[in-house]
Amino acid sequence: MLEVRAIDTYYGETQALFDVSFDVGTAEVLTLLGANGAGKTTALRSILGLTRPRKGDILLDGQSLMARETHEIARAGIGWVPDDRRICPTLSVAKNLSLGIKRTRYRAWSVSEVTEIFSPLKYLMAREAETLSGGEMQMVAIGRALLGSPGLVLFDEPSQGLAPKIVDDVLSVIRRLKREGIASIVVEQNAEIALSVADSVVVLAQGTVAWKGAAEELKADPALKRKLLGGAQ
Amino acid sequence: MSIVGLLPHLVNGLALGLLFALLALGFMLILGLMEQINLAHGSLFALGAYFAYAIATPRLPLPPDLLAIWAAVPLGWRFTAAMLLAPVLVAPFGVVLERMMRRTYGRDPLYGLLLTFGMAMVLEELIRTVWGTRDYMLPVPRGISGGFLMLDLIWSTYRFWAAGFAVVAMAIVWVVIERTRFGALVKAGAHDSEMVRALGHDLEKLRVWVFVLGTMMAALAGVILAPVWGIRPHMGVDAVVPSFLIIVLGGVGSFWGAVLGGILVGMVVGLSGAYASEWSMMSMYLLLIAVVTFRARGLFGKKSVLEA
Ligand SMILES: Nc1ncnc2c1ncn2[C@@H]1O[C@H](COP(=O)(O)OP(=O)(O)OP(=O)(O)O)[C@@H](O)[C@H]1O
Ligand SMILES: [Mg+2]
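Protein sequences, first through last, are from chains L and X. Quick note on numbering: numbering that gives the first Met the number 0 labels position 155 of the first sequence as 154, and the sequence is numbered without any gaps. Quick note on numbering: numbering that gives the first Met the number 0 labels position 55 of the second sequence as 54, and the sequence is numbered without any gaps.
Right, here's the structure in full:
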């Protein structure tokens with residue numbers, strides 16, 4: 000479904016990604032792991048066309064995204080749940096959600112389906128987004144991405160700062176998406192959380208791909224895991 | 000002068016303030032989404048006044064027979080047509096201006112200031128070339144012109160109408176901003192344009208529409224204010240100063256801040272006009288200098304100085 004082919008991405012003159020390649024299949028969950036500053040967020044920004052790669056190619060269902068504007072890439076079916084959620088604080092929850100609504104060639108989600116997944120949203124619709132808790136903001140951010148009918152959702156550190164119960168909810172949404180045929184890229188600091196949903200893994204180090212393979216492989220090899228992800232894991 | 004004697008000046012100040020608020024709201028919408036200060040905003044206001052003059056008097060480049068027919072139409076209709084059509088005719092100027100400003104987006108605000116300052120000069124010269132340097136007066140239909148006596152004071156009828164027109168126009172803007180998806184998109188875009196793009200919205204298109212809306216608001220304010228202020232090439236500069244001042248006072252992104260700031264500035268101009276009419280414009284410039292010197296946060300901190 001998504002092919003990232005040998006991209007180089009820069010911020011000004013500083014290169015952040017070096018020859019990065021990976022594929023995501025239909026309904027596949029890929030987790031992107033790596034230390035702070037490894038280039039995980041940059042990889043997602045490259046896919047969205049927010050920070051354009053200078054070299055390489057990115058294809059969605061065989062079509063290159065490189066020459067397309069960000070809004071066209073979104074309309075092609077890529078959803079984004081950014082690490083800082085980026086909800087408009089001066090708008091109500093309902094309006095924030097409504098700004099995400101669009102049709103693509105992938106499965107469409109209704110507002111009631113979203114509130115079924117995140118039931119607290121039902122009672123928060125009229126609230127100014129400014130007053131939401133971190134967990135509630137994450138629900139709005141994910142709900143907003145779903146309403147955009149994505150075929151692939153990019154999650155940037157979805158567990159960051161959330162209570163374990165909400166992290167579980169987020170993980171079950173990712174599993175649900177998989178069942179519905181929707182792929183995800185999950186950027187995580189917490190490898191345990193990521194590996195519990197991932198099919199495949201890409202480990203970035205200083206902007207390059209240090210390892211990629213099946214999640215099972217990494218889970219089965221504690222020595223490799225330690226080597227790639229450091230002693231903290 | 001007695002306190003009661005000031006009342007008509009207060010009404011004048013209020014009418015002026017509401018029109019300033021309409022002008023400033025357009026200025027603010029553009030500032031919010033483009034993150035550039037449009038110093039040519041006043042020139043769009045001036046064009047609105049000149050176009051209204053051309054439509055209402057009528058001085059249009061039309062075949063003589065057609066012009067004669069239009070001239071025979073009662074002034075009330077011509078004035079109404081001027082109010083509705085002038086903003087539409089000025090809108091393309093806004094589209095061109097936005098097109099030229101595109102290269103400044105995401106850059107230092109200085110680029111936008113320089114570019115729009117240059118555009119303000121160009122538009123003022125254009126006005127001088129087409130209409131000359133003399134002053135014009137936009138005629139007001141009899142039903143809403145003249146004055147009346149109340150509390151032994153003379154009140155200008157049109158000032159009340161001007162205030163009413165401004166309130167109606169601002170109410171429409173309020174509905175658009177607060178009650179439509181377009182309005183939500185404008186707010187979200189001003190807050191975080193990257194996220195709005197990533198949700199699938201065409202930011203370039205949105206910017207053009209916001210510029211058109213802001214341009215039409217400026218032009219409409221120009222039409223309504225023309226019978227009060229008169230029409231002259233320099234009016235664009237006179238109008239951009241209160242817009243700037245109001246945004247500094249009311250804060251970027253605050254509808255009611257703009258309305259309150261507008262009324263405040265209008266009152267200052269109106270009341271100083273009561274004592275010394277030649278000082279009414281000067282008072283505005285002095286207020287601007289005072290506010291920018293002591294409280295520049297309204298403009299740059301995205302927060303109202305009135306709340307501080
Ligand atoms: N806007 C920017 N301008 C310049 N350099 C940037 C910018 N954003 C990121 N970088 C640099 O690019 C590199 C990769 O950053 P990126 O944000 O992709 O890392 P990350 O893996 O997401 O890290 P984290 O875990 O901290 O979120 C880092 O060296 C970072 O300093
Ligand atoms: Mg990151």
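Every residue, glycine too, gets a C-beta built ideally from N, C-alpha and C. It should be emphasised that the depicted structure is a prediction, and the values quoted were computed from it without experimental measurement.
Below-8 Å beta-carbon distance, residue i vs any chain X residue
i                 : result
LYS39 of chain L  : no
ALA249 of chain L : Past the boundaries of the shown model lies residue 249 of chain L; chain L is included only from 0 to 232, so the question cannot be answered.
TRP108 of chain L : no
LYS101 of chain L : yes
THR130 of chain L : no
THR69 of chain L  : yes
GLY206 of chain L : no
LEU96 of chain L  : no
LEU147 of chain L : In the sequence as displayed, the identity of residue 147 of chain L is Gly instead of Leu. Yes, because at least one Cβ of chain X sits closer than 8 Å to the Cβ of GLY147 of chain L.
LEU31 of chain L  : no
LEU90 of chain L  : yes
LEU49 of chain L  : yes
ARG126 of chain L : no
ALA231 of chain L : Residue confidence for ALA231 of chain L is low, a pLDDT of 48 falling below 50, so the modelled location carries little weight; the figure read from the coordinates is stated next. By this cut-off, ALA231 of chain L is not an interface position.
TRP210 of chain L : no
Test item: CB-CB of residue i and residue j under 8 Å
i                 : j                 : result
VAL196 of chain L : VAL28 of chain L  : yes
LEU228 of chain L : LEU43 of chain L  : no
LEU285 of chain X : VAL264 of chain X : no
ALA26 of chain L  : ILE192 of chain L : no
VAL290 of chain X : LEU244 of chain X : yes
ILE173 of chain L : VAL186 of chain L : no
PHE21 of chain L  : THR207 of chain L : no
THR69 of chain L  : ALA197 of chain X : yes
LEU131 of chain L : VAL152 of chain L : no
VAL222 of chain X : VAL94 of chain X  : no
ILE262 of chain X : GLY16 of chain X  : yes
ALA93 of chain L  : MET124 of chain L : yes
ASP151 of chain X : ILE230 of chain X : no
THR41 of chain L  : ALA15 of chain L  : yes
GLY258 of chain L : MET0 of chain L   : Outside the displayed range of chain L (0 to 232) lies residue 258 of chain L, so it cannot be described from this structure.
VAL251 of chain X : GLY31 of chain X  : yes
GLY76 of chain L  : ARG104 of chain L : yes
LEU24 of chain X  : MET169 of chain X : yes
MET118 of chain X : SER42 of chain X  : yes
ALA70 of chain X  : ILE126 of chain X : no
C-beta neighbour in chain L for residue i, strict 8 Å
i                 : result
ASP107 of chain X : no
ALA187 of chain X : yes
GLU306 of chain X : In this predicted model, GLU306 of chain X has a pLDDT of only 40, less than 50, meaning its place in the structure is not dependable; the value taken from the coordinates is given anyway. Cβ-Cβ to chain L under 8 Å: no for GLU306 of chain X.
PHE299 of chain X : Annotation note: pLDDT 43 at PHE299 of chain X (below 50); position unreliable, coordinate value reported separately. Cβ-Cβ to chain L under 8 Å: no for PHE299 of chain X.
GLU97 of chain X  : no
GLU34 of chain X  : no
SER303 of chain X : Reliability fails at SER303 of chain X, whose pLDDT of 39 lies under 50, so the model's placement of it is uncertain and the value that follows must be treated cautiously. For SER303 of chain X, the answer is no, since every Cβ of chain L falls outside 8 Å of its Cβ.
ALA257 of chain X : no
Buried or exposed (CB count within 10 angstroms, at least 16 for buried), residue i
i                 : result
GLY12 of chain X  : buried
THR13 of chain L  : exposed
ILE141 of chain L : buried
GLU215 of chain L : exposed
ASN35 of chain L  : exposed
LEU113 of chain X : exposed
GLN137 of chain L : buried
THR30 of chain L  : buried
TRP108 of chain L : buried
ARG141 of chain X : exposed
VAL202 of chain L : buried
ILE153 of chain X : exposed
ILE68 of chain X  : exposed
SER242 of chain X : buried
Residue i: CB within 7 Å of a non-hydrogen atom of ligand 2
i                 : result
LYS39 of chain L  : yes
ASP155 of chain L : yes
ASP83 of chain L  : no
Ligand 1 heavy atom lying under 7 Å from the CB of residue i
i                 : result
ALA15 of chain L  : yes
GLN137 of chain L : no
ASN35 of chain L  : yes
GLN35 of chain X  : no
THR188 of chain L : It is worth fixing the name first, because residue 188 of chain L is Gln in this sequence and not Thr. Yes - ligand 1 has a heavy atom lying nearer than 7 Å to the Cβ of GLN188 of chain L.
TYR104 of chain X : no
TYR10 of chain L  : yes
Residue i at chain B interface by Cβ criterion, 8 Å
i                : result
GLY31 of chain X : In summary, chain B is missing from the structure at hand, where the protein chains are L and X.
key: Cβ contact check for the segment 227-237 of chain X and the segment 106-122 of chain L: 3 or more pairs under 8 Å   = no
ask   = Do the segment 33-44 of chain X and the segment 98-110 of chain X touch if we need at least three Cβ pairs shorter than 8 Å?
value = yes
Segment contact flag, the segment 83-103 of chain L with the segment 140-154 of chain L, C-beta cutoff 8 Å, min 3 pairs = yes
message = Quick test of the definition: if touching needs 3 or more C-beta pairs under 8 Å, does the segment 56-63 of chain L touch the segment 81-93 of chain L?
response = no
Contact the segment 48-63 of chain X vs the segment 75-86 of chain X: 3+ CB pairs below 8 Å = yes
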